[in-house]
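Numbers 44 to 246, taken from this note's numbering, label the letters of the sequence shown in order.
The structure under discussion appears below in the form of structure tokens.
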Amino acid sequence: MQKFLLCETLSFFNTFITDDCALENSEATVTTSKIKIKLGAIEVEYEGSETFLKEELPALLSAVSDLYQRSQVNSAPTEANAETVVNGSPKGATNANGSVTSSNTPIVGTTSSVAARLNVKSGPDLILAAAARLTLGEGLHVMPRQRLIDEMKSAPSYCNKSVLGNLSRYLLNLVKDGKLNESSKDQYALTASCRAELEARLA
């Protein structure tokens, strides 16, 4: 498209460049020409020797075109057409595992702070707090079982041997209750409804 524009512009100026004035001395006639080029927000105006203009016009058009292309590349996208990304996923996008990225993702601290804000009282509550920390805080939408365990252990005030000993039963119940999805063996994700509930409580 740019090459076509340059060829068309060059043809136009080579055809229609006219003499603005000529010296009355017939033995030494010097003509001047004036052109104005506008491409987007870029505008170039030249007035001078027709001979110089004919020789330099291709280079001038090329320089204007290059400048225009660079200005387009460097233009930052506006908020209206820029896709907003939250925690690695497009805002409002539904993930394959059934979880949803909300436009109001809360600020998430440590698992201990999340557990405190969620008023964790049981093992399943702690699992959800750890899942919220990994999903909302780190953008990890599918969580391996071991990653959940490690995150739970990072909150020693809430995690104990009893909780870890009953982990399999807790996870199974959370899946049955519609709080977690098990996309594959020992791979878990918050369901859309549970995630929305946790986000609202942590907001």
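Heads up, the beta-carbon is just placed ideally off N, CA and C, and yes, glycines get one too.
Proximal residues to residue i (C-beta, below 8 angstroms), its chain only, five neighbours per side dropped
| i | result |
| --- | --- |
| Arg244 | Arg160, Leu161 |
| Asn209 | Gly166 |
| Thr61 | Its pLDDT being 44, under 50, Thr61 is placed unreliably by the model, and nothing is read from it. |
When the options are compared against residue i, the one with the closest alpha-carbon
| i | options | result |
| --- | --- | --- |
| Glu90 | Ala102, Leu171, Thr75 | Thr75 |
| Ser92 | Glu86, Lys77, Leu179 | Lys77 |
| Val185 | Val157, Lys81, Asn224, Lys204 | Asn224 |
| Asp229 | Gln189, Pro167, Thr94 | Gln189 |
| Pro167 | Gly152, Ser211, Pro199, Ser155 | Ser211 |
| Asn216 | Gln112, Ser108, Lys81, Ser165 | Ser165 |
| Leu272 | Glu181, Glu86, Asp193, Ala158 | Residue coverage of the chain in this structure runs from 44 to 246, which leaves residue 272 outside it and unanswerable. |
| Lys79 | Glu98, Leu104, Thr94 | Leu104 |
| Glu181 | Gly152, Leu207, Ala158 | Gly152 |
| Lys196 | Ala158, Ala102, Lys97, Glu98 | Ala158 |
Range covered by the alpha helix (DSSP H) that runs through residue i
| i | result |
| --- | --- |
| Leu179 | Element bounds for Leu179: n/a, residue is neither H nor E. |
| Asp193 | 188 to 196 |
| Asn216 | 210 to 219 |
| Ser200 | That residue, Ser200, is in no alpha helix (DSSP H); it is neither H nor E in DSSP. |
| Ala158 | 154 to 160 |
Extent of the continuous beta strand (DSSP E) to which residue i belongs
| i | result |
| --- | --- |
| Ser165 | Taken as a continuous stretch (DSSP letters only), Ser165 belongs to no beta strand (DSSP E), as it is neither H nor E. |
| Asn224 | 223 to 227 |
| Ala232 | 230 to 233 |
Residues near residue i by beta carbon distance below 6 angstroms, same chain, minus five either side
| i | result |
| --- | --- |
| Leu183 | Leu177 |
| Ala198 | Thr154, Ser155, Ala158 |
| Val218 | Glu225 |
Opposing strand residues paired with residue i [DSSP bridges]
| i | result |
| --- | --- |
| Ser92 | Thr75 |
| Glu98 | Note: Glu98 sits in no beta bridge, so no partner. |
| Lys81 | Glu86 |
Supposed contact pair residue j and residue i - C-beta distance, whole angstroms, cut 8 angstroms
| i | j | result |
| --- | --- | --- |
| Cys202 | Lys222 | Between Lys222 and Cys202 the Cβ distance is about 18 angstroms, and since that is not below 8 angstroms, they are no contact. |
| Ala232 | Ser226 | 6 angstroms |
| Glu88 | Leu179 | In fact, because the Cβ distance is near 56 angstroms, the residues do not count as touching under 8 angstroms. |
| Ser156 | Ser200 | With a Cβ gap of about 11 angstroms, Ser156 and Ser200 do not count as contacting. |
Contacting residues, own chain, Cβ-Cβ under 7 angstroms from residue i (five flanking each side not counted)
| i | result |
| --- | --- |
| Leu191 | Ile170, Ala173, Ala174, Tyr231 |
| Pro187 | Asp229, Gln230 |
| Phe56 | Because the pLDDT at Phe56 is just 49, under 50, the model does not fix this residue reliably, and the value given afterwards should be weighed accordingly. Within the same chain, Phe56 has close Cβ partners Ile78, Leu100. |
| Val163 | Leu169, Ala172, Tyr201 |
Test: residue i CB closer than 9 angstroms to a CB of chain D
| i | result |
| --- | --- |
| Glu90 | Among the chains of the structure shown, chain D does not appear; only one protein chain is present. |
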